[in-house]
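Numbering (our numbering), first residue to last: 137 to 352.
If you want it as structure tokens, here you go:
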């Protein structure tokens, strides 16, 4: 599909008009597109974020949307991304925070930032399951009553554990984990948030961890 479209830095005002945009709007869009390309280049993630957030509009012809999308990702290969998070938003996700704090520890000099290094981190998780999953349990504050002998036992009884045995020997109490307070949540933090049927216009109900622990 992308091969049928020009790269963005080759797109002209007449190309935009051919996509169904009126001449006056086509001139304005072409000027805005040139500015985006000057700021971010013709084919970077920031280019598409700027186009999708500031240039495109639901009222514009779909053919123009296609022209911008496939022009931006002309050399990307199959299945280009329709959306990518901006660096600030990515850093606020759970995996973003983890990589911001420990990315160099896991990936060494290869680490750059949460977005650029996500694929490297995924490969790291596969090749280093012991380190990865112990880190995840630590981050999620999962406490085992009896810790596992290992994370993944590759060659257990094939019939009972096809593909491997996860967390052999481990025991945990899910209720205890759900009710526990730690450095990330206190007794007065919200444990349950809900709204009664038929009360959509009313404020939601809240129950703190302290109140929930008293009910259990």
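Ideal Cβ placement from N, Cα and C applies to all residues, glycine included.
Just so we're clear, the structure is a prediction, and the values are computed from it rather than from any experiment.
Output the boundary residues of the alpha helix (DSSP H) element that contains residue i.
i: residue 199; result: 198 to 208
i: residue 173; result: 159 to 176
i: residue 150; result: 149 to 154
i: residue 271; result: 265 to 275
i: residue 240; result: 230 to 243
i: residue 181; result: 181 to 186
With 16 as the cutoff for other CB atoms within 10 Å, does residue i come out buried or exposed?
i: residue 330; result: exposed
i: residue 184; result: buried
i: residue 208; result: buried
i: residue 212; result: exposed
i: residue 186; result: buried
i: residue 239; result: buried
i: residue 232; result: buried
i: residue 250; result: buried
i: residue 328; result: exposed
i: residue 198; result: exposed
i: residue 162; result: buried
i: residue 157; result: buried
i: residue 147; result: buried
i: residue 353; result: No information on residue 353 is available, as it lies outside the stretch 137 to 352 that the chain covers here.
i: residue 155; result: buried
List the residues that DSSP assigns as beta-bridge partners of residue i.
i: residue 288; result: 302
i: residue 342; result: 329
i: residue 282; result: 307
i: residue 321; result: 318
Ignore the nearest five residues each way along the sequence and tell me which others in residue i's own chain have a CB closer than 8 Å to its CB.
i: residue 275; result: 230 and 234
Assuming residue i contacts residue j under a Cβ cut-off of 8 Å, what Cβ separation, rounded to an integer in Å, is found between them?
i: residue 354; j: residue 306; result: Not covered by the structure: residue 354. The range shown for the chain is 137 to 352.
i: residue 266; j: residue 286; result: 7 Å
i: residue 352; j: residue 315; result: 6 Å
i: residue 281; j: residue 318; result: The Cβ separation is near 16 Å, so there is no contact.
Grab me the residues of residue i's own chain with a C-beta within less than 7 Å of its C-beta, minus the 5 sequence neighbours each way, in chain order.
i: residue 181; result: 220
i: residue 243; result: 253, 256, 257 and 260
i: residue 153; result: 159 and 162
i: residue 149; result: 162, 163 and 166
With respect to 8 Å, is the separation between the Cβ of residue i and the closest non-hydrogen atom of the ligand HEM below this value?
i: residue 258; result: In the structure on display, the ligand HEM does not appear, and there are no ligands present to speak of.
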